[in-house]
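Peer 1:
In mature numbering (1 follows the signal peptide of the UniProt record, and there is no 0), the protein residues as written are -27 to -1, 1 to 167.
As structure tokens, then:
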């Protein structure tokens, strides 16, 4: 009996090591610029993931659009600015944010979660930083984060499909995050490390 246990023991350690590493890989594939996991409730800057020359732009922030009180999620053209810190959380309350799980976003200095609303004048579904206004059309669903080339992308999902979040330049030259188009590629930088 003792000989059987001694023979099986190395295999059990190997099995434990492999399953532990596999579990970590799925959590590690979503990290910040320092290589750390993304944590629930922590503030991050969302920055363009690749250098595209002079038009790389800055990190995400919010801007008032038109005469309404709507605050759109935008990427200013100004280079080198981190933008506004964004709090990432997941409804399940797990400590680490992983790809493909539902997540909520809100700017750290705002109380409302991001929602998807319809802009009647531009005919586009865009991300709002301060919720929907009375009478405004909204989409029901959740955000997800997944890998895209050298960075990550947002998707907005309901039970039947997911749609990538890209960018849309409106009539006032705001680069707004909106559903459709080429996905906006970004990276996370921990806001507390600056």
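Cβ atoms here follow ideal geometry from the backbone N, Cα and C, with glycine treated the same way.
Using a 10 Å radius around the Cβ and a threshold of 16 neighbouring Cβ atoms, would you call residue 166 buried or exposed?
Peer 2: By the C-beta density criterion, residue 166 is exposed, having fewer than 16 other C-beta atoms within 10 angstroms.
Peer 1: Kindly indicate which residue of 37, 92, 76 has the alpha-carbon position closest to the one of residue 86.
Peer 2: 76
Peer 1: Let me know the secondary structure DSSP gives residue 122 once reduced to three states.
Peer 2: For residue 122, the secondary structure class from DSSP, reduced to helix, strand or coil, is coil.
Peer 1: Whose C-beta lies closer than 6 Å to the C-beta of residue 99 among residues of the same chain, with five residues either side of it excluded?
Peer 2: Cβ neighbours of residue 99 beyond the five flanking positions: 45, 92, 149, 151.
Peer 1: With DSSP as the reference, please indicate the residues paired to residue 100 in a beta bridge.
Peer 2: 89
Peer 1: What is the rounded straight-line gap between the Cα of residue 113 and the Cα of residue 137?
Peer 2: One C-alpha to the other measures close to 15 Å.
Peer 1: Since residue 153 contacts residue 22 with CB under 8 Å, what's their CB separation in whole angstroms?
Peer 2: Incorrect: roughly 19 Å between the Cβ atoms, too far for contact.
Peer 1: Starting from the C-beta of residue 49, find all residues in its chain whose C-beta is less than 6 Å away, skip the five residues before and the five after it, and write them out in chain order.
Peer 2: 31
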